[in-house]
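Last residue of the sequence shown: 382 (the UniProt record's numbering), numbering continuous.
Quick reminder that beta carbons are idealized off the backbone N, C-alpha and C, glycines included.
The structure presented is a predicted model; accordingly, all values stated were derived computationally and were not measured.
Only one structure is covered here, and it is reproduced in the block below.
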Amino acid sequence: MPARRACCQACVASATGCRREMMGPRTGLGRQILIAMSAITVTTGLLVFFGAYLAYAAIVAFYPMPDSDSSLTLADILIVGGLITVTLPIAALISMRLARRILEPLESLAESARRIAAGDLTARAAVRDRRLGETVALVDDFNTMAQRLQDMAADMALWNATIAHELRTPLTILKGRLQGMIDGVFEPDESSLQALVLQVDGLARLVEDLRTVTLADSGHLDLHIEPIRLAHAIEQMTELMVHDLRAAGFHLQLDLADLTVEADATRIRQAILALVTNARRYAVRGAITITLTARDDTVVLGVADEGPGLSAEMTPRIFDPFVRGDPAHSREPGGNGLGLSVVRAIMEAHGGRLHYRPAPGGGALFEMIFAKARRSSAAQTP
């Protein structure tokens with residue numbers, strides 16, 4: 001969220017700057033347009049008149065005609081004055097209308113910028129004449145910025161409220177249990193203390209997941225990149241998970257090609273563990289299949305279960321923070337809804353991506369897609 005907060009602050013600063021640029025005398029630009037149009041009209045009229053007179057004088061000089069007179073007469077001067085008198089008000093009216101067309105959307109933009117700077121994120125600029133291409137583009141870009149700012153503010157409020165809710169539940173349990181022990185309601189035996197440790201572990205996982213997502217969102221997730229043999233790393237990690245998975249009614253199936261990627265081994269293990277934990281929590285008992293294959297110029301690490309998969313309504317939001325699967329399908333309490341968000345953040349920090357699709361057997365298949373693929377060699381270390 002620091003990145004989103006910084007982006008919001010930047011947008012507010014941009015809106016404030018836009019407002020300041022447009023402040024000043026409200027008729028300043030219109031007056032300048034009026035003066036410029038009037039000056040153009042007078043200058044054009046004089047240039048046309050004197051240009052025609054000089055051209056006529058040159059013709060007379062080279063091809064003299066009887067009784068020809070190339071000097072200015074009073075009638076000529078009156079004609080020039082009349083033309084200026086007639087065309088100047090017309091030019092003023094045209095320039096005023098043009099200035100109004102230009103200033104209307106700019107004034108709307110300035111007013112919207114003032115409202116956004118004051119905290120009204122619903123403000124939008126309007127332009128009626130869509131023929132003013134550059135002005136229309138400016139207004140549309142401003143409205144797009146304002147909408148993004150409003151969306152980010154809403155996301156920030158939801159994020160803060162959700163974090164508060166996620167922290168409140170384990171803290172309430174901890175406080176209640178500890179107070180009960182102080183008051184003598186609960187005996188501080190091993191089982192009670194183990195329950196408290198579980199709550200602390202849940203808080204620690206939540207804090208670490210929040211830290212990972214936040215650092216990745218701000219582009220500051222530090223990675224220790226080195227060549228790792230993914231198959232070897234997966235085999236090492238799954239050996240530690242086999243007992244707990246069997247106790248929960250699951251068994252692992254591995255189909256791993258010997259491929260090497262440039263990655264942070266610790267973060268990749270964290271991502272794989274999150275995917276397996278997600279399958280254990282929501283899938284039916286059975287096989288959890290981990291595959292590792294080369295696809296074109298990528299390495300694809302897949303984790304699939306045997307069902308029931310994701311609903312069509314949940315699929316677009318599955319990687320959003322704090323989104324959980326159907327509680328009716330969950331066999332384990334807990335879970336903060338950040339697991340898949342953490343995996344996506346880790347993959348994006350590696351320049352890869354996380355993809356979901358239904359598994360061939362009807363379950364869920366999550367694919368961690370790395371940018372490059374190459375065969376492992378004996379010289380490389382796990």
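Please list the segments of the beta strand (DSSP E) lying wholly inside the segment 257-312, counting only runs of 3 or more residues, in order along the chain.
259-263, 287-295 and 298-304
Quick test of your reading: F142 and S112, contact by CB under 8 Å. State the CB separation rounded to the nearest angstrom.
Yes, they are in contact, since the Cβ atoms of F142 and S112 sit about 7 Å apart, within 8 Å.
What does DSSP give as the partner residue(s) for M368 in the beta ladder?
L301 and L354
For D129, which residues from the same chain have a beta carbon less than 6 Å from its beta carbon, with the 5 sequence-adjacent residues on both sides left out?
R101
Beta-carbon within less than 6 Å of A271's beta-carbon, same chain only, minus the 5 sequence neighbours each way: which residues are those?
V343 and I346
Does the segment 299-313 touch the segment 360-370, meaning 3 or more C-beta pairs lie closer than 8 Å?
yes
State whether the segment 199-219 contacts the segment 239-255, with contact taken as three or more CB pairs (one from each stretch) at a distance under 8 Å.
no
Within 10 angstroms of its Cβ, does L47 collect 16 or more other Cβ (buried), or is it exposed?
exposed
Kindly list the residues whose CB is nearer than 8 Å to the CB of Q150, restricted to its own chain and excluding five residues on each side of it in sequence; keep chain order.
L121 and T122
Classify L54 as helix, strand or coil using the three-state DSSP reduction.
helix
The alpha helix (DSSP H) enclosing R211, as first and last residue numbers:
E190 to S218
Using alpha carbons as the reference points, say which of L174, A274, W159 and T260 lies closest to D297.
T260
Just to confirm the assignment, what range does the beta strand (DSSP E) spanning R229 have?
E226 to R229
Pull the bridge partners of D255 from the DSSP assignment, please.
Looking at the DSSP assignment, D255 forms a beta bridge with T291.
V342 - DSSP class collapsed to helix/strand/coil:
helix
Distance between beta carbons of R267 and L223, contact taken as under 8 Å:
6 Å
Nearest to D320 by alpha carbon, out of S341, M314 and V303?
Answer by Cα proximity: S341.
Residues near K372 by beta carbon distance below 8 Å, same chain, minus five either side:
V261, E262, D297, T298 and V299
Quick one: Cα of T289 to Cα of Q236, how far?
16 Å
Under the three-state DSSP convention, the category D222 falls into
coil
Considering only residues of the UniProt domain "HAMP" (100-154), which uninterrupted alpha helix (DSSP H) runs meet the minimum length of 4 residues and lie entirely inside it, listed in chain order?
none
So, under 8 Å CB-CB, G265 and I228 are touching, yes? Tell me the CB distance rounded to an integer number of Å.
For clarity, residue 265 is Ala in the given sequence; the question names Gly instead. Indeed they touch by this definition, with Cβ atoms about 5 Å apart.
For a quick check, are the C-beta atoms of P170 and M181 less than 8 Å apart?
With contacts defined as CB atoms closer than 8 Å, P170 and M181 fail to qualify as a contacting pair.
Would DSSP call E239 helix, strand or coil?
helix
Rounded to whole angstroms, what is the Cα-Cα separation between F186 and A164?
Their Cα atoms are separated by approximately 27 Å.
From E134, L215 and L174, pick the residue whose C-alpha is nearest to that of D201; which is it?
Distance from the Cα of D201 is smallest, within the candidate group E134, L215 and L174, for L174.
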